[in-house]
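In full-length UniProt numbering, the protein residues as written are 1 to 148.
Only one structure is covered here, and it is reproduced in the block below.
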Amino acid sequence: MIIKEVIGNLSKDELKGRPVERIYLKWDEMEKRILRKVTDRGTEVGIVLEGTRRLKHGDVLYAGPDRVIVVELLATKAIVLQPSNLREMAQVCYQLGNRHAQIFLEGNEVLVPYDPTIIELFHKLGFQVKIEERRLEHALQPASGHHL
């Protein structure tokens, strides 16, 4: 099965009564436009998205009378930082950007994929660091792929 577009989101659509097949993706796979995966029920799926559209947790890729195929973002080990003011937020984002780390925002929290060197850095800078299993959604997008 080849999927070329997202047709909805499970959080918004009424798709009750149909079996749901899930495609489990890691955080770094969510940014890819072309993927080949197998659902939890064994259906082979090729995903070829056009344009800048990226996958989101709960995206519906197929909705037929027999089943619905949905994207599920897997939780992963993540660093959680909670800057208490604008200065701390700037320092956190500067340090992470300097290391080309992928940054995710959830409310007032900054999340980063687990990396022991980043934990060590923020401990040295005096920040409280938490390690949690989280879904890494809402990634900040760089202005460009190259330094300006």
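Glycine included, every Cβ here is placed at the ideal spot set by N, Cα and C.
Query, Result
"Give, in chain order, every unbroken run of the alpha helix (DSSP H) that is at least 4 residues long and sits entirely within the region 58 to 137.", "86 to 98 and 116 to 124"
"Determine the closest residue to V68 out of L140, T43 and Y114, with distance taken between C-alpha atoms.", "T43"
"Roughly how many angstroms separate the alpha carbons of W27 and E106, rounded to a whole number?", "14 Å"
"Using only CA atoms, which one of V71, V80 and L140 lies nearest to E29?", "V71"
"Decide yes or no for the touch test of the region 94 to 102 against the region 47 to 59: beta carbon pairs closer than 8 Å, at least 3 of them.", "no"
"Tell me, please, which residues DSSP counts as bridged to G8.", "V60"
"To the nearest angstrom, report how far apart Y24 and L74 are at their CA atoms.", "6 Å"
"Assign A78 to buried or exposed, taking buried as 16 or more other Cβ atoms, counted over all protein chains shown, within 10 Å of its Cβ.", "buried"
"Between D59 and N9, is the Cβ-Cβ spacing less than 7 Å?", "yes"
"Threshold first: 3 residues or longer. Then list the beta strand (DSSP E) segments lying entirely within the region 23 to 50, N to C.", "34 to 38 and 44 to 48"
"Residues in the same chain with beta-carbon distance under 6 Å from L38, minus the five sequence neighbours each way, listed in chain order, please.", "Here residue 38 is Val; the residue named in the question, Leu, does not match the sequence. If we look at V38 and ignore the five residues flanking it on each side, its Cβ neighbours are E44."
"What's the gap between the Cα of E31 and the Cα of V129?", "26 Å"
"How many Å lie between G46 and V20 at the Cα?", "17 Å"
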